[in-house]
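Numbering (this note's numbering), first residue to last: 211 to 378.
Spelled out as structure tokens, the structure:
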């Protein structure tokens with residue numbers, strides 16, 4: 211019965227051009243767009259970090275990729291340029307949160323996932339703290355090593371606690 215009602219509602223919605231879910235659907239679309247943007251930002255930062263390519267050249271190449279939706283590309287570029295602009299501070303925060311693991315010796319995927327999440331914690335007030343951390347952990351599960359997600363979660367948890375105690 212529920213599937214028939216759902217199907218009927220879906221047909222009516224498509225026929226009338228109604229939007230499904232209103233705010234909830236927009237939130238899910240925003241979350242999906244931002245997840246894709248974070249992954250794209252990770253790819254860009256990884257290439258700059260590991261291959262040593264110039265950020266402006268890598269960004270220009272991704273700007274011309276027609277299959278990347280514009281909202282994804284825009285948010286990814288905001289993340290990448292923000293990380294790049296605040297890299298010293300971000301890396302210092304990683305080093306303070308995980309002193310046994312020098313930033314330059316971290317696996318590049320982990321290092322750049324942390325950089326993106328820390329940038330969001332510092333500079334994207336519309337991204338909830340828990341969402342930034344959870345997204346980083348999920349991306350680490352997908353792209354990092356076996357213990358990456360635990361490491362990322364621990365470092366970001368420490369940084370979030372430090373930010374909360376300092377009032378930032």
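Beta carbons are placed, not taken as given, at the ideal position from N, Cα and C, and that holds for glycine.
Can you tell me whether DSSP reads residue i as helix, strand or coil?
i: residue 336; result: coil
i: residue 317; result: coil
i: residue 356; result: coil
i: residue 294; result: helix
i: residue 363; result: helix
i: residue 286; result: helix
i: residue 231; result: Residue placement at residue 231 is flagged as unreliable, the pLDDT there being 48, under the threshold of 50; the coordinate-derived value follows with that caveat. Coil, per DSSP.
i: residue 276; result: coil
i: residue 377; result: coil
So residue i packs on residue j, CB below 8 Å; how close in whole Å?
i: residue 182; j: residue 313; result: The question about residue 182 has no answer here: the residues shown for the chain are numbered 211 through 378.
i: residue 289; j: residue 321; result: Rounded, the Cβ-Cβ distance is 14 Å, inconsistent with contact.
Using the Cα positions of residue i and residue j, report the straight-line distance between them to the nearest angstrom.
i: residue 278; j: residue 271; result: 11 Å
i: residue 268; j: residue 373; result: 32 Å
i: residue 231; j: residue 298; result: Confidence at residue 231 is low in this model, with a pLDDT of 48, below 50, so the placement of that residue should be treated as unreliable; the coordinate-derived value is given next. So the alpha carbons of these two residues sit roughly 42 Å apart.
i: residue 317; j: residue 293; result: 17 Å
i: residue 370; j: residue 331; result: 8 Å
i: residue 352; j: residue 311; result: 21 Å
i: residue 280; j: residue 377; result: 34 Å
i: residue 359; j: residue 261; result: 24 Å
Over the uninterrupted alpha helix (DSSP H) stretch that includes residue i, give me the two end residues.
i: residue 259; result: Neither: residue 259 is in no alpha helix (DSSP H) and is coded neither H nor E.
i: residue 270; result: 265 to 273
Quiz item: Can at least three beta-carbon pairs, one atom from the stretch 313 to 332 and one from the stretch 340 to 350, be found at a separation below 8 Å?
Solution: With the cut-off at 8 Å, the stretch 313 to 332 and the stretch 340 to 350 touch.
Self-check item: Segment contact flag, the stretch 258 to 267 with the stretch 300 to 314, C-beta cutoff 8 Å, min 3 pairs
Solution: No: fewer than three Cβ pairs fall under 8 Å.
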